[in-house]
Amino acid sequence: MIKKEIKILNQLGLHARPASMISKLCSQYSCNIKMIKDNYEVNPKSIMGILTLAAQKDSIITVITDGKDEKEAMEAIESLFKSNFDEE
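Shown next as structure tokens:
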């Protein structure tokens with residue numbers, strides 16, 4: 002299991018477009034993935050789940066990956082967040 006905190010740097014937070022990108026990326030991995038904000042946990046393979054986090058700029062999201070490809074999944078998720086979802 003890998004657990005990391007990621008800060009939302011995107012100016013608009015996690016709106017529909019980034020949520021779609023996260024969901025699409027996470028769906029490529031077989032490991033269990035969780036995103037947590039303020040003790041609210043969602044499955045990031047669901048766009049609606051991500052949107053319910055209501056994560057704005059500078060929010061801190063905890064990401065947990067657990068399973069066979071957990072390392073690869075976490076690296077890909079971190080990379081996507083660092084890219085600001087190609088919006089800036």
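Take the position in the sequence shown, starting the count at 1, then add 1; the result is the number in this note's numbering.
Backbone N, C-alpha and C define an ideal beta-carbon position, used for all residues, glycine too.
Close CB contacts of C27 within its chain, under the 6 Å cut and outside five residues either way in sequence, are with I34, P45, K46 (chain order). The three-state reading of DSSP puts M49 in helix, counting H, G and I together. Here T66 is not near I37, since their CB atoms are 9 Å or more apart. Of the candidates G50, E42, I61, K72, the residue whose Cα lies closest to the Cα of L10 is I61. Per DSSP, E6 is not a residue of any alpha helix (DSSP H); the beta strand (DSSP E) it occupies stretches across 3 to 8. Going by DSSP, K25 is part of no beta strand (DSSP E) but of the alpha helix (DSSP H) stretching over 17 to 27. Of all alpha-carbon atoms in F82, S24, E71, the one lying nearest the alpha-carbon of M49 is that of S24.
The alpha carbon of F82 has as its nearest neighbour, out of Q12, E42, K69, the alpha carbon of Q12.
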